[in-house]
Amino acid sequence: MLRPQHNTKAKKKLKYQCKDCPGTPGSNNSDKFDQLLVVITTLQQQMNAMQSKLNSIENQQLNADNETRPHDKQQDMDSVLEELEERKKRKRNVIIYDIDESPSDDLNERIEHDNEKLNQIMGELNTNVQNVKIRRLGKRIPGKKRPMQVITQNDHEAINMLKKARSMKKTNFKNDLTPMQRDKMRDLGNQLKLKQENGETGWGIKYVKGQPKLWKTTVVDSN
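If you're matching positions, the sequence shown starts at 102 in the numbering used here and goes up one per residue.
So this is what it looks like as C-alpha cells:
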C-alpha cells in the first residue's frame with residue numbers, strides 16, 4: 102500500500118516569539134525603553150521643580166527690591182532736607198580764624214575777652230552788629246587759637262560782615278559751612294591747585310547763585 106507523499110517544501114514554517122519570555126530580543130528592548138521613559142520623566146519633573154524654585158527666588162528678590170527702594174528714597178530725601186536746613190541755619194554765622202584766645206580757665210573772663218575782640222574787629226570793619234553770640238569751636242588746647250564762631254541775628258548781617266572783610270582783604274573771615282560744603286570746597290581747592298601747577302592762570306573759586314564753582318577770569322585786551 103502506497104502512502105501519500107506530502108510536499109514538505111510547500112509547508113510554511115511559523116515562528117512564534119514570546120515577548121514576555123526571558124532571553125528573547127524583544128523583551129530586552131521593551132525593558133530598556135520603559136527604563137528610559139522613567140528617567141526622562143524623572144528629569145523633567147526635577148527641571149520643573151528647579152524652575153519653580155528659581156521663579157520663587159526671583160519673585161522674592163523683586164518684592165524685596167520694591168520694599169527697599171521707597172525706603173532708600175525716603176532716606177535720601179530726609180538727608181537732603183536735613184542738609185538744606187543746616188545750611189539755612191549756618192547762613193547767619195561767620196567763622197573768624199586766628200583771633201587771640203584768652204588762656205584763662207575762668208569762663209566769664211574768656212567770654213569778656215572774646216566780646217572785646219569782636220568789638221575791636223567790628224570797629225575795623227566799620228560795621229555794627231547787635232545781640233550776637235560768640236563761641237569757640239573745638240577743644241581747648243594751650244597755645245592754640247580756636248576759630249571764633251559769630252552767630253548774628255540774620256543772614257543779612259553775616260553777609261554784610263563777610264563783604265566788608267573781603268573788601269579789606271581780610272582772609273580769616275569765612276562762611277560757616279556744613280561738612281558737605283567743606284568737602285565741596287576742598288575738592289574745588291584741589292582742582293584749582295592742579296590747574297595752577299599746570300601753568301593755567303586766571304582761575305579762581307567764585308560763588309554762582311550761591312554755589313561755589315571754578316571760574317575762569319576773562320582778560321579783556323585794551324589794545
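Idealized CB from N, CA, C, for every residue including glycine.
Quick caveat, the model's predicted, so the values are computed rather than measured.
What distance in whole Å lies between the Cβ atoms of residue j and residue i, which are believed to be in contact at a cut-off of 8 Å?
i      : j      : result
Arg236 : Glu202 : With 8 Å as the limit, Arg236 and Glu202 do not qualify as a contact, their Cβ atoms being about 12 Å apart.
Gly303 : Lys314 : Incorrect: roughly 14 Å between the Cβ atoms, too far for contact.
Leu289 : Asn276 : Actually they are not in contact, since the Cβ atoms of Leu289 and Asn276 sit about 14 Å apart, beyond 8 Å.
Lys265 : Asn227 : 7 Å
Quick one: is residue i buried, meaning 16 or more other Cβ sit within 10 Å of its Cβ, or exposed?
i      : result
Glu183 : exposed
Leu138 : exposed
Arg267 : exposed
Gly311 : exposed
Ile141 : exposed
Leu103 : Because the pLDDT at Leu103 is just 44, under 50, the model does not fix this residue reliably, and the point stays unresolved.
Thr272 : exposed
Thr143 : exposed
Ile222 : buried
Phe134 : exposed
Taking the alpha-carbon of residue i as reference, which of the options has the nearest alpha-carbon?
i      : options                        : result
Lys234 : Gly244, Gly224, Asp215         : Asp215
Gly239 : Lys275, Met249, Leu226, Asn261 : Met249
Gly244 : Asp199, Asn229, Phe274, Phe134 : Asp199
Leu208 : Gln221, Arg241, Ile260         : Arg241
Lys285 : Arg211, Tyr308, Asp132         : Tyr308
Gly305 : Asn299, Lys294, Gly311         : Lys294
Val181 : Glu298, Met281, Glu301         : Met281
Asn229 : Arg211, Val251, Thr143, Lys154 : Val251
Thr253 : Leu219, Gly224, Glu225         : Leu219
Leu278 : Pro204, Glu187, Leu155         : Glu187
The ligand COA and residue i: does the residue's C-beta get closer than 7 Å to at least one heavy atom of that ligand?
i      : result
Asn232 : For the ligand COA, the structure offers nothing, since it holds no ligand at all.
Using DSSP's beta-bridge definition, name the partner residues of residue i.
i      : result
Val309 : Gln312
Met249 : Ile197, Arg237
Phe274 : Ile197
Lys192 : Its beta-bridge partners do not exist; DSSP assigns none.
Lys317 : Trp304
Query raised in the report: Between the region 252 to 261 and the region 185 to 199, do at least 3 Cβ pairs fall closer than 8 Å?
Result: yes
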